[in-house]
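A.B. asks:
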Amino acid sequence: MSYVANTAEQQVAMLKACGARSVDDFFSVIPEAARPRSFALPGPKSEMEVIERFRQIASRNYSHLTCFLGGGFYDHYIPAAVAALASRSEFYTAYTPYQPELSQGTLQAIYEYQTDICRLTGMDVANASMYDGGTALCEACQMALHATGRTRIVLDGGINPVYHKMLDSYTANLSIDFAQTDIRTGPADRAALYDALDDRTAAVIVQNPNFFGVADDVSDIVEHCRQRGILTILSVYPTALAFLKTPGEMGVDITVGEGQPLGIPLAFGGPYLGFMATTRKLVRRMPGRLVGRTADREGREAFVLTLQAREQHIRREKSTSNICTNEGLCALRAHIYLSLMGKEGFKRVAELCHAKARYAMDRLKAVSGIEVLDEHPFFNEFVVRLPMDAGEAAGVLVEQGLAPGLPLGRFYPDMTNLLLVAVTEKRTKRDIGMLAESLEAALR
Amino acid sequence: MTPDDRKYTKSHEWVKVEDDIAVVGITDHAQESLGDITFVELPSVGESVDARSECAVIESVKAASDILTPVAGEITEVNNSLEDSPEMINESAYEDGWIFKLRDFDEDEVEALLDADQYEASLRKDD
Amino acid sequence: MAVIFEKSVPGRHGVSLPDCDVPEGVEIPDTLRRRADAELPELSELDAVRHFTELSRLNFGVDTGFYPLGSCTMKYNPKALEVIAGLEGFSDLHPFLPQLRHGGMLTQGALQVMHELEHALCEIAGMDAFTLHPMAGAHGELTGMMLIAAYHRHKGNRKTEVLIPDEAHGTNPSSAAIAGYDVRPMPTDTRTGMLDVGALESMLSDNTAAIMLTNPNTLGIFNRDIEQVVEIAHRRDALVYYDGANLNAILGKFRPGDVGIDVMHVNVHKTFATPHGGGGPGAGPVGVRENLEPFLPVSRVVKRPDNTYTLDYNRPLSIGYVAPFYGNFSICLRAYAYLMLMGAQGLIEVSENAVLNANYVMNALKDVYELPYDTVCMHEFVLSARRQAEQGVHALDIAKALIDRGFHPPTVYFPLIVKEALMIEPTETESKETLDAFIAAMRAIAEQAGSDPDALRKAPRSTSVSRPDETRAAKTMDFRWDEPFREKGG
């Protein structure tokens, strides 16, 4: 079915009104030689058949595993009202709110979302979304390079390796020099970071908690950089911000992160939500859309897209970014999620994650052969060393219905025995017990 | 009315020589076509600029426009009051809405620019 | 209406969470902790539901009414796609699962969807390979530019510029610039509305890495010289990028790959009916010819002889990662479900009816509005409100007047090369009755421009707000509730 409304009779009448004999007349502008050489596709199938087919395909995925996988992407609970509200078609079948009179719903929701992100991060201003946490980080680098006129970026070793790879790809064709400090599972190595700085350095990128789960206060790094005219970019895990010192309190210049934990399904990698917040000073360097509050001509409160002169549809090759379509609906979901959770609920989710992660660490520590690396403060994720290849161990546990964590050997060849374990509020004491017992059995 | 005490470019900048200083701004026609100006990004004092290089950016709600310096020189002063009151360019493009000042410029370079009549003629041609 | 933070009542809860079944307590030193809790609103679930329901009622979507926003393909989004995207086997799938065991044995269903969709897109576009990783159209353009840069680098070419028609979407020059290229705009032939081939020939040099084209272009005109343009570019080893934003016009009628296009993207949220979400998310899969396949982003889905699927990360020439995982999977999933509902014949009907609807509306309006390029259009067309502007009624006023008549306005003031532009894209899912009502409204507005222009300048009157003060928004920079930057104005 093509969802075309017009009947054959109507189509004939419309053709006649256009002075055309058939639709072929319209397509006669396409030269014969340029016509398709083939056009063979599966289908068409009825709605009933298509849904059934996808049900079967979906059943081939192991989505039911008890999940201790994290690495920046977490299995948090999503209250039912999030999907119910975000799927209201007035939101999801609209587009970019270019006509404010018909988009006050989207615009006000995004304004409120910007407020949420500012309150979580302690920053001055947040944009209306980027594609994901990784592209947000790449855009933050561009901001820093333009703002400082410098050419070098220094990364802390604790940055998500996936984001590191994205940074490499995005800048391959540009004259940008990257340096990364040695990768280690503890907090940022200050001495190594400071050694890597020079007068061409535009920004330092740090992640908190870092990829290995370690929570830190990077105020000292920010201050060290500030004295040298270097900006600090901090990538954060939004749920952890319920407890952790905010990027704003640390004096960070640009904060970015992955908003997936805020009510967005894992969905095999997307769509997710890149959030970005910065200082007032850098607002004009910030990419992406921004909603501002103003008044209409009768003095009524109104919301509009603003500072659009930074954007590609006006500034073209000189724009701050090429982003057009963003992740508006995901930002709406995050805002609904945070509104439902509220001040206390959001903190409670974080408390549950943290308490369960601590319990999991204790249980795993008690398993003979499992070693917890140096204990640093952490939020809900930590690294354990197994007496065997962590990938192999994971393979065994999968058979028992558990995804026990992320084997780090996949990213760092010298870490083959390390497993990164994440615990969310969805995991029960029983799940955690099973994890410990299954691992114990696998190690025997 | 286009003042005849200064010179113009086809890209709608004006330059007025006051002793050994050249003052630069945009024309009334330019401010009118940009609409309400909301922001001006000013150059840095002390910067040496080539003729026709981009020295400032003017933003309105619907447009952003690069300001090209009509002549080469060194920036000696910028109009800091535009940071808080960018609308001054709308209100007084030829006086209070000046953008930056240059020294060490070449007088011949100024002379070679359009005079008020030539500039007005260029506007008529555009229409 | 009040913002949500004003509705907050301390002590109210909107969600129930389980009791803690392990020992409680936070063991994070105070030095690492925030000074005060994040001030999120405190609401009951019903408070929140009412708030967002009320907000939704201030919005206009395709499901609300006719949305002929040119260049955006606001067609109907079948509800079945949402059911499929919501299947737990897809929605609860952790993207790191393929790292656990044998390159994806735990996610065979998802890999199958990706692999089959890539194949379907190849067939639709006539390209040799697709990647689903780019997360939006503009992201696809950037990925395409990165592929082109990798191709030239591999060949030892030193090319620094990209040529782009002056009518192009703003994302084109922006994407090329962000990939490190200098951008040179090419003029449109003012008689035909098509790219000026003579100008292209004179601008093209050994320094040209690529040209970017949209066909049909943003005027809704199909460039019949496309084969010649590709050939001219290839002579200088410049690649041709095809912006697939307007693919809805040509399904089954023209395939970019058949005329030698090297790289292109598809906006699945436009052509393949995945919802636009109030500004996203979308997805922008990129297709390439065989010689560019080695440069595609990692990972690639591969089908093995035993009909299982795996992810290949061992691709030495790849441009690397453009997305953290496999792109906006759940958007691509919807697109694939849509393709399966349609089949080849369904897609052909899509384009035929999209083009018929556009020509029908164009023909019914061209006597009252100026049609700068009076020729057959494809899926959209551009009118100019110059005549009405002489009466003091501008494109913006016409847009606002349409709102009072129950329609979403067309795209206005784009493309930039048409003064007072009104860019209208009806899409194939709209009925003749809807189009007739829209035509009547547009004609009535044109008449009113002569009789009562003041009334049009006061539109809209039917909405909760009317013409918000954008200058004030840009100056006061109030981007968040409560502690906004209100020193200036306001």
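As you go down the protein sequences, you meet chains A, B and C in turn. According to this note's numbering, the residues represented by the first sequence are 1 to 444, in order. According to this note's numbering, the residues represented by the second sequence are 445 to 571, in order. According to this note's numbering, the residues represented by the third sequence are 572 to 1061, in order. Think of the CB as a built atom: it goes at the ideal place given N, C-alpha and C, for glycine as much as any other residue.
Which value, in whole angstroms, describes the spacing of the CA atoms of A:Ile323 and A:Leu332?
C.D. replies: Spanning the two alpha carbons is a distance of roughly 18 Å.
A.B. asks: For A:Gly134, which three-state DSSP category applies?
C.D. replies: Residue state, collapsed to three classes: helix.
A.B. asks: Taking its Cβ as the centre, do 16 or more other Cβ atoms sit within 10 Å of C:Asn862, making it buried, or is it exposed?
C.D. replies: It counts as exposed.
A.B. asks: Looking only at its own chain, which residues have a Cβ that is under 7 Å from the Cβ of C:Gly1060, when we skip the five neighbours before and after it?
C.D. replies: Because the pLDDT of C:Gly1060 is 36, which lies under 50, any placement of that residue in the model is unreliable, and the number read from its coordinates should be weighed accordingly. Result list for C:Gly1060: Arg1043, Lys1046, Thr1047, in chain order.
A.B. asks: Assess, as a yes-or-no matter, whether the region 308-319 of chain A is touched by the region 83-95 of chain A under the definition of 3 or more beta carbon pairs within less than 8 Å.
C.D. replies: Verdict: no, contact absent.
A.B. asks: So C:Met994 is in the beta strand (DSSP E); what residue range does that whole segment cover?
C.D. replies: 992-995 is the extent of the beta strand (DSSP E) around C:Met994.
A.B. asks: Would you verify that the beta carbon of A:Ile183 is, or is not, closer than 8 Å to some beta carbon of chain C?
C.D. replies: It does not; no Cβ of chain C falls within 8 Å.
A.B. asks: Using beta-carbon positions only, say whether B:Ala516 and B:Phe483 come within less than 8 Å of one another.
C.D. replies: Against a cut-off of 8 Å, the Cβ pair of B:Phe483 and B:Ala516 comes out as no contact.
A.B. asks: Which of the three DSSP states is assigned to A:Phe212 in this structure?
C.D. replies: Here A:Phe212 sits in coil by DSSP.
A.B. asks: In the structure shown, what three-state DSSP assignment does C:Arg1057 receive?
C.D. replies: Its pLDDT being 41, under 50, C:Arg1057 is placed unreliably in this model, and the coordinates cannot settle the point.
A.B. asks: Any C-beta of chain B within less than 7 Å: which residues of the region 286-316 of chain A qualify?
C.D. replies: Within the region 286-316 of chain A, the qualifying residues are Ala309, Ile314, Arg315.
A.B. asks: Terminal residues of the continuous alpha helix (DSSP H) containing A:Asp177?
C.D. replies: Unbroken run through A:Asp177 is the beta strand (DSSP E), 177-180; no alpha helix (DSSP H).
A.B. asks: Hey, is A:Met341's beta-carbon within less than 8 Å of any beta-carbon in chain C?
C.D. replies: Chain C contact via Cβ: present.
A.B. asks: Less than 7 Å between C-beta atoms, sequence neighbours within five positions excluded: which residues of the same chain meet that for A:Ala192?
C.D. replies: Correct list, in chain order: Thr181, Asp182.
A.B. asks: From this set, A:Phe243, A:Ala81, A:Ala94, which residue's C-alpha is nearest C:Asp601's C-alpha?
C.D. replies: Per the Cα distances, A:Phe243.
A.B. asks: Checking contacts by CB at 8 Å: is C:Glu616 closer than that to chain B?
C.D. replies: C:Glu616 does not count as touching chain B.
A.B. asks: If I follow the unbroken beta strand (DSSP E) through A:Cys118, where does it start and stop?
C.D. replies: Here A:Cys118 belongs to no beta strand (DSSP E); instead the alpha helix (DSSP H) covers 104-121.
A.B. asks: Alpha helix (DSSP H) containing C:Gly715: first to last residue?
C.D. replies: Here the alpha helix (DSSP H) through C:Gly715 covers 708-726.
A.B. asks: Return helix, strand or coil for A:Asp220, following the three-state DSSP convention.
C.D. replies: DSSP places A:Asp220 in helix when its eight states are reduced to three.
A.B. asks: Return helix, strand or coil for A:Met143, following the three-state DSSP convention.
C.D. replies: In the structure shown, A:Met143 sits in a helix (DSSP, three-state: H, G or I).
A.B. asks: Could you run through the region 492-513 of chain B and flag, in chain order, every residue whose CB is less than 8 Å away from some CB of chain A?
C.D. replies: Within the region 492-513 of chain B, the qualifying residues are Glu503, Ser504, Val505, Lys506, Ala507, Ala508, Asp510.
A.B. asks: Buried or exposed: where does A:Gln260 fall if 16 or more other Cβ atoms within 10 Å of its Cβ makes it buried?
C.D. replies: By the neighbour-count rule (16 or more Cβ atoms within 10 Å), A:Gln260 is buried.
A.B. asks: Could you check the C-alpha separation between C:Glu951 and C:Tyr940 for me, to the nearest Å?
C.D. replies: Taking the straight line joining both Cα atoms gives about 15 Å.
A.B. asks: Among the candidates B:Ile465, B:Ser455, B:Asp463, B:Gly469, whose CA atom is the shortest distance from the CA of B:Pro447?
C.D. replies: If we check each option's Cα against that of B:Pro447, B:Gly469 comes out closest.
A.B. asks: Taking the C-alpha atoms as reference points, what is the distance between C:Ala573 and A:Leu418?
C.D. replies: Distance between the alpha carbons of C:Ala573 and A:Leu418: 50 Å.
A.B. asks: Check this for me: beta carbons of A:Leu137 and A:Tyr163, under 8 Å apart or not?
C.D. replies: Cβ atoms of A:Leu137 and A:Tyr163: closer than 8 Å.
A.B. asks: What distance in whole Å lies between the Cβ atoms of B:Val505 and C:Glu1041, which are believed to be in contact at a cut-off of 8 Å?
C.D. replies: Going by Cβ atoms, the distance from C:Glu1041 to B:Val505 rounds to 4 Å, so yes, they are a contact pair.
A.B. asks: Between the Cα of C:His686 and the Cα atoms of C:Tyr813, C:Arg871, C:Asp663, C:Gly697, which residue gives the shortest distance?
C.D. replies: Residue C:Arg871 is the option with its Cα nearest to C:His686.
A.B. asks: Would you please state the rounded distance, in angstroms, between the beta carbons of A:Ala393 and A:Ala436? I believe it to be under 8 Å.
C.D. replies: Not confirmed; about 13 Å, so no contact.
A.B. asks: Mapping DSSP to helix, strand and coil, what is C:Asp753?
C.D. replies: C:Asp753 falls in the strand class under three-state DSSP.
A.B. asks: Measure the CB-CB distance between A:Met123 and A:Gly248 and report whether it falls below 8 Å.
C.D. replies: Going by C-beta atoms, A:Met123 is nearer than 8 Å to A:Gly248.
A.B. asks: Taking Cβ-Cβ distances shorter than 7 Å, what residues in chain A pair up with C:Ile575?
C.D. replies: Simply Glu112, Ser339.
A.B. asks: Just the chain C side, please: which residues come within less than 9 Å of A:Gly229 by C-beta, in chain order?
C.D. replies: Neighbours of A:Gly229 on chain C: none; closest Cβ ~24 Å, over 9 Å.
A.B. asks: With a threshold of 16 other CB atoms inside 10 Å of the CB of B:Lys454, please say whether the residue is buried or exposed.
C.D. replies: Exposed.
A.B. asks: By alpha-carbon positions, which one of C:Tyr909, C:Ser889, C:Ala809 ends up nearest to C:His840?
C.D. replies: The shortest C-alpha separation from C:His840 is found at C:Tyr909.
A.B. asks: So, for A:Ser219: in the same chain, excluding its five sequence neighbours on each side, which residues have a beta-carbon less than 7 Å away from its beta-carbon?
C.D. replies: Once the five neighbours on either side are set aside, the close Cβ partners of A:Ser219 are Met250, Gly251.
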